[in-house]
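Okay, so the sequence shown: first residue is 1 according to the numbering used here, each after it adds one. A virtual CB, placed ideally from N, CA and C, is assigned to each residue, including glycine.
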Amino acid sequence: MSVKQNQNKRLLKLAGVVGWPVHHSVSPVLHNYWLKKLSIHGAYTMFAVHPDEAKYAFQSLKHTSISGLNVTIPLKGLAYEAADEISSDARKLGVCNVLYKKHGKLIGHNTDMEGFAGPLLAQIGHKFILNNAVTIIGAGGAARAVLGSLLALGAPEIRLLNRTDARAKKLVANVNIPSLYACEWENRQQAVAGCGLLINASSAGMAGYDALDIDLHGLADNAWVYDLVYTPLITPLMKKAQMRGLNTIGGLDMLIAQARPSFKLFYGRDAPEDGDVKSLLLQHLEAPL
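Shown next as structure tokens:
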């Protein structure tokens, strides 16, 4: 191997996505598209890590050539615990969806709030959020990001649902804001009644998971349904909403929006602003297995 080849090998910028499971992720398609578009000598791949091994894997990251990781379920809380330093956005949520190296330290960050809010404001608008009640399903890391964004945007009333009632109540108690309250899962129909925005921030409806057992007829006639799940592209919840004539937002837009800041952290360049990447992801998700 020549000296130049050795130099190129050493200069390869490597990053990836870690989770359990992680085979469904389209993040490699997204990041590798941007790498090629910008002619960056780099790669982005998947790492399947069991939760029992995650702490060791994250701590070992500092001793590898990997510049950083996107972290998905169920490892976001463990990533937070493993980081040497925590960004303000990650501290607000208590979870990390990004780990990257800086000056020999492992930095925990969260881009989910930014990723969630971008498509929401672009398609719904701030005025709608200020004038409608919101119901969130979920109480994990994604739900915390959604909650943080909605509170920052001034949502007047937020109802939180989770299939394990205790988790919803714990999150509400931790935030302790009068406009936020937990609803019991058995009363979920009352929780969505008159609601203008319903958000699924849980894994329900994802390929391999059970669909949400919830009726949407109580939602306001002009309501929006935002499902953070992107596999399948049109989730069972979105299908229900569309059958009722409601507007929907899928998780693909959030995926792209939250990936942009992490790409810059990993590779030092802004991701290209073009519509081709969404078309590419749509083709990938719609392709037969």
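Leaving out five residues before and five after G42 in sequence, what residues of the same chain have Cβ atoms less than 7 Å from its Cβ? Hits under 7 Å: L12, K13, L14, L35, Y267.
Where the beta strand (DSSP E) containing K76 begins and where it ends: K76 -> not in any beta strand (DSSP E); alpha helix (DSSP H) instead, spanning 76–82.
Pull up the distance between the alpha-carbon of D213 and that of S88, whole angstroms please. Across the structure, D213 and S88 are spaced so that their CA atoms are roughly 35 Å apart.
Hey, how far is the Cα of Q123 from the Cα of R188? Between the alpha carbons of Q123 and R188 lies a distance of about 26 Å.
Identify the residues that DSSP records as bridge partners of M46: which are they? V17, per the DSSP bridge assignment.
For D227, count neighbouring Cβ atoms within 10 angstroms of its own Cβ and tell me buried if that reaches 16, exposed if not. By the 10 Å Cβ count, D227 comes out buried.
Go through its chain and collect everything with a Cβ distance to L74's Cβ below 7 Å, but skip five positions before and after it. A quick correction: the sequence has Pro, not Leu, at residue 74. If we look at P74 and ignore the five residues flanking it on each side, its Cβ neighbours are W20, P51.
Throw me the rounded Cβ distance for the H31 and F263 pair, which I believe falls under 8 Å. Confirmed, Cβ separation roughly 6 Å.
Under 6 Å Cβ to Cβ from Q7, same chain only, skipping five residues before and after it: list those, please. Residue confidence for Q7 is low, a pLDDT of 48 falling below 50, so the modelled location carries little weight; the figure read from the coordinates is stated next. Taking C-beta separations shorter than 6 Å and ignoring five residues to either side along the sequence, Q7 has no partners in its chain.
In chain order, which continuous runs of the beta strand (DSSP E) of length 3 or greater are located wholly inside the stretch 136–190? For secondary structure counted as the beta strand (DSSP E) over 3 or more consecutive residues, the stretch 136–190 holds these complete runs in sequence order: 157–161, 180–182.
Minimum C-alpha distance to F116 - residue among N132, A152, A83: Ranked by Cα distance from F116, the first of N132, A152, A83 is A152.
Here's a check: name, in chain order, each residue in its chain whose Cβ is nearer than 7 Å to the Cβ of K37, leaving out the five neighbours to either side. Sequence-distant partners of K37 (beyond 5 residues in either direction) whose C-beta falls short of 7 Å from its own C-beta, in its chain, are P272.
Closest residue to L99 among A57, M113, K127 (Cα-Cα distance): For L99, the closest C-alpha among the options A57, M113, K127 is that of A57.
In whole angstroms, what separates the C-alpha of A166 from that of S67? So the two alpha carbons sit approximately 37 Å from each other.
As assigned by DSSP and simplified to three states, the class of I107: In the structure shown, I107 sits in a strand (DSSP, three-state: E or B).
Could you tell me how far apart the beta carbons of L69 and G140 are, in whole angstroms, since I believe they sit closer than 8 Å? Contact doesn't hold; Cβ gap of about 18 Å is too wide.
S88 - containing alpha helix (DSSP H), residue span: If you look at S88, you'll find it in the alpha helix (DSSP H) that goes 88–93.
Output the distance between the C-alpha atoms of N110 and F47, rounded to the nearest integer angstrom. Using only the alpha carbons, I get a separation of about 19 Å.
Spatial neighbours of S65 within its chain, please: C-beta separation below 8 Å, excluding the five flanking residues on both sides. Cβ within range, chain order: L12, L14.
As a quick exercise: from P156, H126, Y209, pick the residue whose alpha carbon is nearest that of V134. Taking only the C-alpha atoms, the option nearest V134 is P156.
So, is Q283 buried or exposed, given that buried needs 16 or more other C-beta atoms within 10 angstroms? Result: exposed.
Output needed for L219: all residues of its chain with C-beta closer than 7 Å, excluding positions within five of it in sequence on either side, in chain order. Within the same chain, and ignoring the five residues on either side of L219 in sequence, the residues whose Cβ sits closer than 7 Å to its Cβ are V192, C195, L198, L246.
For N32, three-class secondary structure by DSSP: N32 falls in the helix class under three-state DSSP.
Straight-line CA distance for K101 to I107? Answer to the nearest angstrom: the Cα atoms are 6 Å apart.
Which word fits N162, buried or exposed, when buried means at least 16 other C-beta atoms lie within 10 angstroms of its C-beta? N162 should be labelled buried.
What residue range does the beta strand (DSSP E) around S60 cover? For S60, no beta strand (DSSP E) run applies; the uninterrupted alpha helix (DSSP H) run containing it begins and ends at 51–60, by DSSP.
For I136 and D270, the rounded distance between their alpha carbons: Looking at the two C-alpha atoms, the distance is approximately 31 Å.
Let me know if K105 comes out buried or exposed under the rule of 16 or more other beta-carbons within 10 Å of its beta-carbon. Classification of K105: exposed, given that the 10 Å Cβ count is below 16.
Assigned secondary structure, Y267 (DSSP; H/G/I helix, E/B strand, else coil): If DSSP states are grouped into helix, strand and coil, Y267 belongs with the helices.
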